[in-house]
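All remarks here apply to the structure that follows.
Residue numbers (my numbering): 1 to 70.
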């Protein structure tokens, strides 16, 4: 299990470790567009990233907000 501080960091890891090992026919279309959008800073939504990550493993995102009034 890998732990990351953001969804973008998890996607970057996925692009470097999982994406290269995928067969060429799987990389076509949607995944290539996502890789290009992320790599060239064209913008990719967190929802789109999570959809892709969920196809290749289990993703659990937790957000913790702590507020202490003065």
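From the three backbone atoms N, C-alpha and C, an ideal C-beta is built for every residue, glycine too.
- For residue 32, the uninterrupted alpha helix (DSSP H) run begins and ends at 30-39, by DSSP.
- Two segments are said to touch when three or more pairs of C-beta atoms, one from each, lie closer than 8 Å; by this definition the stretch 15-22 does not touch the stretch 58-67.
- DSSP places residue 12 in the uninterrupted alpha helix (DSSP H) bounded by 7-17.
- Inclusion of residue 7 and residue 51 in the CB contact set at 8 Å is not warranted, their separation being larger than that value.
- Taking a 10 Å sphere around the C-beta of residue 38, we find 16 or more other C-beta atoms and assign the residue as buried.
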